[in-house]
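Working notes for the structure below.
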Amino acid sequence: MTTMSNTDFVKRRTAFSTLLTVLSAMASRPSGLVGLILVAFHIVLAIVSPVIAPYDFRELSAQIILNEPSSEHWFGTDNLGRDVFTRTMLGGRQALLVTTISTILAISWGGLLGVLLGLVGGWLDELLMRLVDAFLCLPWILVLLLIVVMVGSGPAVLIPTLGFFYGIPVIRMARAATHDVVALDFVTAARARGEARSTIVRRELLPNVLDVLLVEGAMRWSWMLLAFSSLSFLGFGVAPPTPDWGLMISNARSFMSFAPWAALAPVVALSSLIIGINLSADALAKVLGIDRAQKAPV
Amino acid sequence: MVRLIARRLALGVLTILLVSGIIFVGVEVLPGDSCTAYLGRMAQGKRLDNCRRDFGLERPALTRYGEWALGAVRGDFGVSLKRKTPISETVGTRFRNTIILGVTASIIGVPLAILLGIIAALWRDRPVDLWVSTTAIFAMTIPEFVSSTVLILIFSIWLGWLPGIVTTPHDAPLLEFLSDIILPIVALALVMTAHILRMVRTSVIDVMASDYIQMAQLKGVPYWQMVFKHVLPNAMLPTINLVALTIAWLLGGTVVIEVVFNYPGLGRLMLQAIFFRDLAMVQAIALILATLYVGLNLFADLLTLVANPRLRTMRT
Numbered sequence: 001m002t003t004m005s006n007t008d009f010v011k012r013r014t015a016f017s018t019l020l021t022v023l024s025a026m027a028s029r030p031s032g033l034v035g036l037i038l039v040a041f042h043i044v045l046a047i048v049s050p051v052i053a054p055y056d057f058r059e060l061s062a063q064i065i066l067n068e069p070s071s072e073h074w075f076g077t078d079n080l081g082r083d084v085f086t087r088t089m090l091g092g093r094q095a096l097l098v099t100t101i102s103t104i105l106a107i108s109w110g111g112l113l114g115v116l117l118g119l120v121g122g123w124l125d126e127l128l129m130r131l132v133d134a135f136l137c138l139p140w141i142l143v144l145l146l147i148v149v150m151v152g153s154g155p156a157v158l159i160p161t162l163g164f165f166y167g168i169p170v171i172r173m174a175r176a177a178t179h180d181v182v183a184l185d186f187v188t189a190a191r192a193r194g195e196a197r198s199t200i201v202r203r204e205l206l207p208n209v210l211d212v213l214l215v216e217g218a219m220r221w222s223w224m225l226l227a228f229s230s231l232s233f234l235g236f237g238v239a240p241p242t243p244d245w246g247l248m249i250s251n252a253r254s255f256m257s258f259a260p261w262a263a264l265a266p267v268v269a270l271s272s273l274i275i276g277i278n279l280s281a282d283a284l285a286k287v288l289g290i291d292r293a294q295k296a297p298v
Numbered sequence: 299m300v301r302l303i304a305r306r307l308a309l310g311v312l313t314i315l316l317v318s319g320i321i322f323v324g325v326e327v328l329p330g331d332s333c334t335a336y337l338g339r340m341a342q343g344k345r346l347d348n349c350r351r352d353f354g355l356e357r358p359a360l361t362r363y364g365e366w367a368l369g370a371v372r373g374d375f376g377v378s379l380k381r382k383t384p385i386s387e388t389v390g391t392r393f394r395n396t397i398i399l400g401v402t403a404s405i406i407g408v409p410l411a412i413l414l415g416i417i418a419a420l421w422r423d424r425p426v427d428l429w430v431s432t433t434a435i436f437a438m439t440i441p442e443f444v445s446s447t448v449l450i451l452i453f454s455i456w457l458g459w460l461p462g463i464v465t466t467p468h469d470a471p472l473l474e475f476l477s478d479i480i481l482p483i484v485a486l487a488l489v490m491t492a493h494i495l496r497m498v499r500t501s502v503i504d505v506m507a508s509d510y511i512q513m514a515q516l517k518g519v520p521y522w523q524m525v526f527k528h529v530l531p532n533a534m535l536p537t538i539n540l541v542a543l544t545i546a547w548l549l550g551g552t553v554v555i556e557v558v559f560n561y562p563g564l565g566r567l568m569l570q571a572i573f574f575r576d577l578a579m580v581q582a583i584a585l586i587l588a589t590l591y592v593g594l595n596l597f598a599d600l601l602t603l604v605a606n607p608r609l610r611t612m613r614t
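Residue numbers (my numbering), protein chains in the order written: chain A, 1 to 298; chain B, 299 to 614.
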C-alpha cells in the first residue's frame, strides 16, 4: 500500500512540475505572457467579482439613466440606470463557466472516440468518419439556435449541447494524431506483448496525443466562447437580468450613438478574453511543437 | 483521374444524403413538431389532430423524409407554416443576397489574404510579419458582432460616412444594395482575410523550409525567381481546400453579421424561422447551407486535382 501511494505521489508531482515548465515556457514569449495574464485576470475576476462589484447588478435607477462615466460610475450607466462597470465585471461568469465545462467535455469524448477509431480502424471507423463529415457541413449556429429554441436555454442545455457538437471536430484531430503514433515501435511492441486495447489506449496512445488534444482544447475554448456570446447577442444565451457581455452589447447597440460607453465596456472585456485565450493557445502550440495555424476553423 | 473525380463526386452526394438525414432526424427528435410549434399553447385535442392531418404529419417518418428529400432535389421545399407560402419563393432572393455578400467579401478578402500571407511568410519574424500576424489574430478572434458594432460606431455614428443598417427591401435590384452593403462586406472580409492569411503564411513557411527549396538556394537560383516559380505554386495548393472550407464555414455564420446590419439574407431568414419555429423553413435553409458547404468543398477538391500535376497523372 505505501509503495503504491508513493508512486502516485511522484506521478502527481511530475505532472505538476511539467505543467509549471510548460507554463513558464509559454510565459517566456511576450505574446504568450500577455495571453496568460489576460486569461488569468478574467478567471480571477469571474471568481471574485460578486464580492468586489461596487453595485448590485440589478439595481435600477430612473435618475441616472445613460450617465457618462464618472467617479461614482466608472463606465457610466445603461438605459435602465444600471452600473456598467459592475455588469461588465460580472458579465463573463456564465460564459466562462459554460464554455470551460463544455470544452473539457468536448475534448474528453471527442478525444477518446478519435483515439479508439484511430486504433481500431475498419468499417466502424469509415462509417463514423462519414457521419462526422456530414455533421461538419451543418452551419453550427443553426444547430445551436434550433436546440435552444426547441429545448430551452440555460447552462443545463448549453453545456451538453456545446460539449457534444464541439467534440465532433476533435474526433477527427485525435484520430489523425493517433494514426501518426499507432505505427510506431512501442505500440507494435505493446500489441506483441498481448496488451488489451484499453491498456494500449490508456498507456501508449493517450499520453502521446495529449499534446494535440491540449492545443485543440485551447482553440475550441475560444471558438466556444465565440459561439456562446453570439448566442447571447442574438438573445438565446443568457436570460436577463443576468449580466452577459453578448447580451449587454446587443442591448447597448440601440443607444450606441449617444452612450457608446455601455457598448464599449463589454466589447473590450469580451475581446480581451478571447484574444487572451488565442494568444495562450498559440504559445502552447509553439511550446509543445505543434503547428496549429494551418487549419480550417471547423 | 476520371475515377478519382467520380469518387469525390460520389462522396459529396453521399455526404449531402447523410446531412439531409441528420437534419430530418434532428428535427424529429427535438420535442414538438411543426403543428405544436404553429399552434403554440392551443395545440391540443382536435385542433392538433386536424393540423397534423392537413400537413400529413401523422404518416410514418420515413415516407415524409422521402417526400421531403425528393422535393428538395427538384427545388421544392414545401410550404412554410408561418408564411403560408412556398419556401422556395421566400428563400430565393435572400439566398441571392447572402451569396452577394459572400462573393464580394471573398473577391476582396482572398487576394488580400494571399498577398499579406506571402509577405508575412517571406519576411517572417520581421516587424511587417509581427504587425500582420498580430492584426490577424485580433480580426480572427473578435466575434463578428463585436467587430460589426465597432465598425458601425466608427463609420456611421462618429464619422457618418456609411449607413449603419440596411434599409433596402430584400428583393431590390442589385445596384440599390451598393452603399448599404459596404460595412457588412468589410466585417465579413475582415474575418475571412485573417483566417486565410494565417493558412497561407504557414504554408509558404513550410515550403520555404523544404529540401528542394534549400537545394534551389544552394544552386544559386535568384531569390525572386525561386519564390515565384518554386515556392508559391507549391504553397498555394494545400491552401485551396482550406480557403473553401473557411468561406463555407463563414457563410454559415453570416447570421450574426446579417442581424447586426439588418441585412436581408439567408441567415436572418433562418433566425426568424427558428424564432417562429417554422421547422420546414429551418430544414430547407439547413439543407441549402450544407449543400453549399459540400459543393464548395468539392469544387476545391477538383481544383486541387486539376492544379496538381502529381494527382493528375496518378492512377487509382
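Glycine included, C-beta positions come from ideal geometry on N, C-alpha and C.
Reduced DSSP secondary structure (H/G/I, E/B, other) of residue i
i, result
"Pro297(A)", "Note that Pro297(A) scores 45 on pLDDT, short of 50, meaning its location in the model is unreliable; the coordinates nonetheless yield the value given after this. Looking at Pro297(A) - three-state DSSP - the assignment turns out to be coil, as it is neither helix nor strand."
"Val519(B)", "coil"
"Asn348(B)", "helix"
"Phe574(B)", "coil"
"Leu488(B)", "helix"
"Asn595(B)", "helix"
"Asn606(B)", "coil"
"Met568(B)", "helix"
"Ser5(A)", "Any reading at Ser5(A) must be qualified, since the residue scores a pLDDT of 49, below 50, and its modelled position is unreliable; the value itself is stated next. In the structure shown, Ser5(A) sits in a helix (DSSP, three-state: H, G or I)."
"Glu216(A)", "helix"
"Asn278(A)", "helix"
"Ile290(A)", "coil"
"Asn560(B)", "coil"
"Ser70(A)", "coil"
"Ala507(B)", "coil"
"Arg496(B)", "helix"
"Thr614(B)", "Bear in mind that the predicted position of Thr614(B) carries a pLDDT of just 45, short of 50, making it unreliable; the figure below should be weighed with that in mind. In the structure shown, Thr614(B) sits in coil (DSSP, three-state: anything other than H, G, I, E or B)."
"Gly114(A)", "helix"
"Ile586(B)", "helix"
"Ile104(A)", "helix"
CB contact below 8 angstroms: residue i versus chain B
i, result
"Met256(A)", "yes"
"Gly289(A)", "no"
"Arg253(A)", "yes"
"Pro260(A)", "yes"
"Asp244(A)", "no"
"Leu142(A)", "yes"
"Asp133(A)", "yes"
"Val151(A)", "yes"
"Ser222(A)", "yes"
"Gly154(A)", "no"
"Leu128(A)", "no"
"Val267(A)", "yes"
"Asn79(A)", "no"
Endpoints, alpha helix (DSSP H) assigned at residue i
i, result
"Trp123(A)", "122 to 137"
"Val371(B)", "359 to 371"
"Val151(A)", "140 to 151"
"Ala183(A)", "No alpha helix (DSSP H) holds Ala183(A); DSSP gives it neither H nor E."
"Pro54(A)", "Note, Pro54(A): premise wrong, no alpha helix (DSSP H); not H, not E."
"Ser28(A)", "Ser28(A) -> no alpha helix (DSSP H), and no H or E assigned at all."
"Asp427(B)", "425 to 439"
"Glu195(A)", "Here Glu195(A) belongs to no alpha helix (DSSP H), and DSSP marks it neither H nor E."
"Gly310(B)", "300 to 327"
8 angstroms Cβ cutoff, residue i in contact with chain A
i, result
"Tyr591(B)", "yes"
"Arg312(B)", "Strictly speaking, residue 312(B) in this sequence is Leu, with Arg absent from that position. True, the Cβ-Cβ gap to chain A drops below 8 angstroms."
"Thr614(B)", "Caution applies to Thr614(B), whose pLDDT of 45 falls short of 50 and renders its modelled position unreliable; the value that the coordinates give is listed next. No, Thr614(B) lies away from the interface with chain A (no Cβ there is under 8 angstroms from its Cβ)."
"Thr447(B)", "yes"
"Pro329(B)", "yes"
"Pro441(B)", "yes"
"Val371(B)", "no"
"Met568(B)", "yes"
"Arg629(B)", "Only positions 299 to 614 of chain B appear in the structure, and residue 629(B) is not among them; the question remains open."
"Ala437(B)", "no"
"Thr602(B)", "no"
"Arg575(B)", "yes"
"Ile455(B)", "yes"
Bridge partner(s) assigned by DSSP for residue i
i, result
"Asp83(A)", "Thr77(A)"
"Val377(B)", "Pro384(B)"
Quiz item: For the segment 222 to 260 of chain A, which segments carrying the alpha helix (DSSP H) assignment without a break, of at least 4 residues, lie completely within its bounds, in sequence order?
Solution: Taking only runs of at least 4 residues, the alpha helix (DSSP H) segments lying wholly in the segment 222 to 260 of chain A are 245 to 252.
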